[in-house]
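Working notes, beginning with the structure itself.
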Amino acid sequence: MTPEQKTADAIRKVMIAVQNAIEVGHRSSMIKADDLVEVLLAIADELDPPLATLVAFEFACPHCGERRDDHLVWHDDEFVRCSGCGTEYVPD
Ligand SMILES: [Zn+2]
Numbered sequence: 805m806t807p808e809q810k811t812a813d814a815i816r817k818v819m820i821a822v823q824n825a826i827e828v829g830h831r832s833s834m835i836k837a838d839d840l841v842e843v844l845l846a847i848a849d850e851l852d853p854p855l856a857t858l859v860a861f862e863f864a865c866p867h868c869g870e871r872r873d874d875h876l877v878w879h880d881d882e883f884v885r886c887s888g889c890g891t892e893y894v895p896d
């Protein structure tokens with residue numbers, strides 16, 4: 805696979821995750837700067853995966869199964885937002 809194909813694949817993979825999240829209502833179709841940053845970072849991580857710490861299965865994103873702890877961000881100590889697909893959930 806050429807670097808160009810790899811880049812295009814990473815973008816497509818992240819866009820599919822975002823579109824699925826919009827369809828099921830986990831992510832708004834209105835884009836904010838925060839959303840753009842999350843999506844661009846998700847693409848960068850697809851191309852160059854960081855060495856990540858994985859959370860336990862019960863804390864994984866219920867939508868896409870994300871387990872990398874740096875992709876699962878706590879907001880106000882109330883819920884977690886998955887930066888891969890935008891799903892917000894309360895781990896329990
Ligand atoms: Zn997710």
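When we follow my numbering, the leftmost residue of the sequence shown carries the number 805, and every step to the right adds one. A virtual CB, placed ideally from N, CA and C, is assigned to each residue, including glycine.
Looking only at its own chain, which residues have a Cβ that is under 7 angstroms from the Cβ of residue i, when we skip the five neighbours before and after it?
i	result
residue 850	814, 817 and 818
Whose C-beta lies closer than 8 angstroms to the C-beta of residue i among residues of the same chain, with five residues either side of it excluded?
i	result
residue 833	826
Quick one: does the C-beta of residue i sit closer than 8 angstroms to a heavy atom of ligand 1?
i	result
residue 888	yes
residue 867	yes
residue 870	yes
residue 821	yes
residue 825	yes
Looking only at C-alpha atoms, which of the options sits nearest to residue i?
i	options	result
residue 893	874, 872 and 863	863
residue 768	881, 807, 846 and 882	In this structure the chain extends from 805 to 896, so residue 768 is not present and cannot be described.
Rounded C-beta distance between residue i and residue j? I'm assuming under 8 angstroms.
i	j	result
residue 895	residue 884	6 angstroms
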